[in-house]
Structure formats: C-alpha cells, structure tokens
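For the sequence shown, position 307 (counting from the first letter as 1) is numbered 306 according to numbering that gives the first Met the number 0, and the numbering increases by one without interruption. Every residue gets a Cβ at the ideal spot worked out from N, C-alpha and C, and that includes glycine. None of these values were measured; they are calculated from a predicted model. This report refers to the structure that appears directly beneath it.
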Amino acid sequence: MKTTTIKLLALSALLLLGAAHAGAQQIKFKKFFTGGTLRIDCLREGDAQGDTVWVNRWIDRSATWHGSHTQLIDPIENGDYRVAMYDAKSGKMIYSRSYSNLFREYKGTAEGKTTKARFEETLLLPMPKNKVKIALQRREVESVPCSKGVTGVAVTFKNQTVVEFDPDKDELEFNYHIGERTDLELHGDPATKIDVAIVAQGYSGANDPQMRVDYYRMKEILFAQEPFKSHREDFNVYGVMADVDAEYNTFGIDRYLMTFSLWKLHDRLGTTPCDYIIVMVNNEKYGGGAIYNFYAVTSMHSMAEYVLPHEFGHAFGGLADEYVDEDLAYGDLHINDYEPLEPNITNLKAFGLKWKSMLPANTPIPTPDNNAVPKSECGPLGVYEGAGYSAKGVYRPTMHCMMRDYAPFCPVCMKRLEEIFGLYTK
Ligand SMILES: [Zn+2]
Ligand SMILES: [Zn+2]
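And the structure:
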C-alpha cells in the first residue's frame with residue numbers, strides 16, 4: 000500500500016511541475032493578439048453520466064483586452080474545466096484559463112443523476128491576430144501505470160470540443176455596448192489590475208440612491224478583509240446595474256443564491272473591464288454562492304460582511320468550503336481516489352501537494368480538535384478532520400477559517416490568494 004501512495008504522489012507532483020513549466024513560458028502578447036477581447040458564449044449540457052459543451056455565440060466584446068499581457072498561460076489551473084487557445088500554424092498554446100461551472104454540483108444532486116440540464120458559460124479571451132484552435136477541455140481521471148504492477152491516478156485536461164476561429168474570415172457579433180456603469184474606485188490600467196464589476200440586481204433604476212449606498216457598502220466590505228485590504232490598490236471596482244435573475248434555493252438549498260443567466264450578465268456588462276463579477280442582490284434574506292473564475296453572489300443581509308469575502312474566496316481563489324454539511328446532495332464531492340483540486344482541503348491521497356511543507360515538525364495527522372481556539376482566530380496549523388462538507392475523510396488546515404466559519408482566512412487560503420494577485424498585476 001505504501002509504495003502505491005508514494006508513486007501516486009510522485010506522479011501527481013510531476014503533473015503539477017508540468018503545469019508550472021508551461022506557465023513559465025513567455026508568450027509574446029503582441030505577436031499573437033490584437034489587444035481586443037473575444038467573447039464566446041457556450042452551453043454545457045449533461046448529467047452525472049457525462050456532459051458535452053459547444054459554442055453558441057462569437058462576440059467582439061471590446062477593443063481592449065483587460066487581462067494580463069504577460070500571464071497568458073494559467074499556472075494555477077484550479078478549475079474542473081479549461082479553455083485553451085492554440086496558434087493554428089505552430090500548434091503552440093498561446094492562452095489558457097481554468098474555471099468551474101455550477102454543473103459540477105448539479106451532477107451530484109438527485110435530479111442530476113438522471114436528468115440532463117444546460118448551463119451557460121461565457122469565456123473572455125484575448126482576440127487572436129491569426130487563425131487559432133480553441134479547445135474546451137475537461138479534467139478527466141484516469142488510471143496510469145507508474146511502474147511494475149503499480150497503478151496511480153492522474154487527473155489531466157482532455158479536449159471536449161475543439162473549434163477553429165479565423166479572425167479574417169469568421170463573422171462576429173458586435174457588442175461594444177456600454178452598460179450603466181459607475182466607476183467606484185480606480186487605481187490604474189485594467190491590464191495590470193484586478194477588475195471587479197459589482198452588478199446590482201433588484202434596484203428601481205440607475206438613480207436609485209440605495210444602489211449607490213450598497214455599491215460602496217460592498218466595496219468597503221471586500222477591502223475590510225485581508226488579504227484584499229493590503230491589496231486594495233491592485234483593484235479597479237465598477238458598478239453596473241443589471242437584473243440577472245439571481246435566485247435563492249439553487250438545487251433545493253434555501254441559502255444558495257445563484258444565477259444561471261451568465262450570457263445576460265455579460266450582455267449587461269458590455270465593455271466593462273471584468274476579471275471577477277460580484278452580483279449584489281437587493282434582498283435582506285441571507286444567501287450567497289460563487290463559481291471559480293466566474294462570479295460571486297451575495298444578498299444585502301447583515302451577514303454580507305462575511306458572506307462576500309467567503310464567496311469571493313471561492314470565485315477568486317478557487318478555495319473549497321472547509322465546513323461540514325452532510326445533508327448536501329453533493330456532500331461526498333471530495334471523497335475520491337485523488338486529491339481535491341482546491342488547495343485548502345485534503346483527503347490525504349497526495350498530501351505532499353497541499354500544505355504538508357508548511358506544517359510544524361511532529362504535527363499529528365489528523366490533528367486533534369482544539370476547541371479552546373476562539374472563532375475570531377484560525378488557531379495553529381494542522382490537519383483537522385471535517386471539511387469539504389464531509390465529517391470524515393476530508394481535512395482542513397486550521398480550526399477556523401473564512402472558508403469554514405467566517406474567521407480570518409487561514410495561512411493556506413492566504414497563500415493561494417496571494418498567488419492569484421500575481422496573475423493579474425504583472
Ligand atoms: Zn462556500
Ligand atoms: Zn482556509
């Protein structure tokens with residue numbers, strides 16, 4: 000058994016090194032891209048048995064690319080899916096971003112086991128100068144022989160759909176629409192800032208005085224929390240009024256406030272620079288939700304001061320929930336033969352890839368609970384059982400964390416969030 004574990008660890012480590020190496024390659028932005036933004040609207044359809052994805056709309060979104068000009072290959076790859084753009088002539092990967100979709104949770108629900116459903120995706124890509132291939136990819140788990148008689152598990156991106164795009168021949172819808180946008184706080188060139196669009200739902204109109212108050216409330220809530228507080232000048236924040244059908248009771252969970260209308264959301268954003276979207280719902284009832292590399296949703300409940308940084312932790316950092324909720328339909332999401340993607344939980348299948356190197360010497364695994372740690376602190380780093388919805392078999396770094404019970408972000412979550420800043424500000 001021991002050999003298998005070690006081999007598995009070595010294999011996974013190799014996969015990660017491969018990703019880091021790809022990230023280190025410098026892609027010359029001006030050689031491959033015009034400086035504009037290509038938007039593609041996709042549909043993903045499926046159930047627990049599998050899913051397919053296809054492109055529905057091609058849109059010329061903006062004459063400006065608001066993302067980084069240097070971090071073109073995603074070095075973190077924290078999502079279930081990835082969009083990758085390849086130069087058609089050389090076959091070289093010139094852009095990639097990984098992301099998640101609500102479908103991941105849907106397929107774990109009772110309905111998702113038997114009934115297919117469709118989910119919208121909107122991907123923003125740098126506009127290519129020449130013909131490219133765009134691959135929509137999904138992580139797939141496969142058994143891989145490691146050495147004589149030993150099999151490990153590898154999780155790699157495989158193509159689901161590959162489409163060609165030729166900017167000289169293919170027609171694009173044109174959408175240089177400027178939404179009702181308010182610049183809330185600007186610190187510089189969108190290409191080297193994290194652009195956050197706060198989308199206001201449920202207000203009476205562009206002149207609703209409450210909307211302005213709430214925009215500022217949301218913004219100040221985000222910047223009250225570390226690490227966002229120290230990085231305030233790395234952000235630009237915009238407000239956009241747009242009703243986008245965010246609703247409570249997603250997948251039968253009362254507090255789960257989400258929107259399925261991603262295309263409409265992006266239509267309303269128009270040309271607004273946006274790396275991340277926060278949907279602010281004018282409702283006092285507790286609720287929220289988030290999808291990695293897409294958006295976070297929160298209501299105006301008095302707990303928004305905690306809900307927003309927590310949901311932004313999912314959307315921005317790809318962090319997992321560190322709490323236990325075994326009533327959730329998809330509660331066994333992280334009980335697998337391979338490590339969860341998220342950096343802040345482990346099922347000990349390949350713990351060396353997680354926060355093992357950060358642990359003080361002689362830390363017991365699992366680490367016994369220490370109920371003396373107050374909820375305003377994370378407490379000492381360890382490997383505490385109970386995380387990712389499961390009471391058993393999934394572990395978290397500290398007794399308390401923003402991703403568990405609204406304490407400050409734990410050191411493992413903080414480390415990941417700090418890495419993400421580098422993706423946008425270089
Ligand atoms: Zn959460
Ligand atoms: Zn944490």
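Nonlocal neighbours in the same chain, by C-beta distance under 8 angstroms from A390, ignoring five residues either side: V323, E325, E384
Neighbourhood of E501 by C-beta distance below 8 angstroms, restricted to the same chain and skipping five residues each side: Given that the chain is displayed from residue 0 to residue 425, the structure contains no residue 501 and the question cannot be resolved.
Boundaries (first-last residue) of the alpha helix (DSSP H) holding R231: Run containing R231: none; DSSP gives neither H nor E here.
Cβ pair count under 8 angstroms reaching 3, the segment 182-193 against the segment 74-94: Counting Cβ pairs under 8 angstroms, fewer than three are found: no touch.
With 16 other Cβ atoms within 10 Å as the buried cut-off, status of D169: exposed
Neighbourhood of L42 by C-beta distance below 8 angstroms, restricted to the same chain and skipping five residues each side: V52, W53, N55, R117, F118, E119, E120
Element boundaries [beta strand (DSSP E), containing E120]: 116-127
Coil, strand or helix - F102 by DSSP: helix
Cβ pair V195, A245 closer than 8 angstroms: no
Stretch-stretch touch, CB-based, cutoff 8 angstroms, three pairs: the segment 245-257 with the segment 287-306: yes
Three-state secondary structure assigned by DSSP to W57: Per DSSP, reduced to three states, the secondary structure at W57 is strand.
7 angstroms CB neighbourhood of V236 in its chain, flanking five on each side removed: Taken in chain order, the residues that qualify are L183, E184, V195, I197, K218.
Distance between I58 and E283 (C-alpha atoms, nearest Å): Using only the alpha carbons, I get a separation of about 36 angstroms.
Segment contact flag, the segment 157-173 with the segment 124-142, C-beta cutoff 8 angstroms, min 3 pairs: The segment 157-173 vs the segment 124-142: in contact.
Sheet register partners of Y291 (DSSP bridge): Its beta-bridge partners do not exist; DSSP assigns none.
Cross-strand partners of A134 (DSSP beta bridge): A134 is bridged to A83, V161.
Sub-8 angstroms separation of P342 and V393 beta-carbons: Taking 8 angstroms as the Cβ cut-off, P342 and V393 do not qualify as a contacting pair.
Sheet register partners of R96 (DSSP bridge): V82
E313 CB to nearest heavy atom of ligand 1 below 7 angstroms: According to the sequence displayed, residue 313 carries His and not Glu. Because some heavy atom of ligand 1 lies under 7 angstroms away, the Cβ of H313 counts as near it: yes.
Cβ neighbour criterion (16 or more within 10 Å) applied to T345: buried
Separation of F293 from Y80, as counted between CA atoms: 12 angstroms
Beta-bridge pairing of A196 - partner residues as DSSP gives them: Y237, I276
Distance between beta carbons of E163 and A62, contact taken as under 8 angstroms: Incorrect: roughly 23 angstroms between the Cβ atoms, too far for contact.
Cβ separation of Y275 and A314, assumed to be a contact under 8 angstroms, to the nearest whole Å: 6 angstroms
Bridge-paired residues (DSSP) for Y388: DSSP lists V323 as partners of Y388.
DSSP-derived helix/strand/coil call for M299: coil
Own chain residues within Cβ distance below 7 angstroms of D165, not counting five before or after: K130
C412 (DSSP reduced to helix, strand or coil): helix
Residue from S89, G90, Y94 with nearest C-alpha to A83: Y94
DSSP state of T51 mapped onto helix, strand, coil: strand
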